[in-house]
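Read the structure below first, then the notes.
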Amino acid sequence: MSRRPPSAEQLQAACDKFSAAHRVGAAVTVQLDGGEVRETITTSEAQVLSGHSAVIWLEGISGCYLLDRVTPVAAKAAA
Numbered sequence: 000m001s002r003r004p005p006s007a008e009q010l011q012a013a014c015d016k017f018s019a020a021h022r023v024g025a026a027v028t029v030q031l032d033g034g035e036v037r038e039t040i041t042t043s044e045a046q047v048l049s050g051h052s053a054v055i056w057l058e059g060i061s062g063c064y065l066l067d068r069v070t071p072v073a074a075k076a077a078a
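Here is the structure:
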């Protein structure tokens, strides 16, 4: 049995949740297409792309990446 893709409403809810918790300029890691994990920062809020994918744009990376491949970097505690 195949899994049903998320609805546009579910995708928008995921984008809204991410954007509310992490401002533009937040430190994140992203898993690139080749499997490499790179640290970068967000340059946009999360958005639904063409009604089918939750994405975000990142500094130093061409194009956007799926939100599920992006992980916020925990803020380091002040010493």
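Mapping the sequence shown onto numbering that gives the first Met the number 0, position 29 (from 1) lands on 28, and the numbers just tick up by one.
Glycine included, C-beta positions come from ideal geometry on N, C-alpha and C.
- The straight-line gap separating the alpha-carbon atoms of residue 26 and residue 46 is approximately 17 angstroms.
- Residue 41 and residue 60 do not touch by the CB rule: their CB atoms are close to 11 angstroms apart, not below 8 angstroms.
- Note: residue 71 is bridge-paired with 27 in the DSSP secondary-structure output.
- By the CB criterion at 8 angstroms, residue 57 and residue 14 fall outside the cutoff.
- Per DSSP, the unbroken alpha helix (DSSP H) holding residue 18 starts and ends at 7 to 20.
- Counted as a single uninterrupted DSSP element, the stretch harbouring residue 60 is not any beta strand (DSSP E), since DSSP gives it neither H nor E.
- The closest CA to that of residue 68, considering only 12, 17, 50, 9, is found on 17.
- By the neighbour-count criterion, in which a residue is buried when 16 or more other Cβ atoms sit within 10 angstroms of its Cβ, residue 29 is buried.
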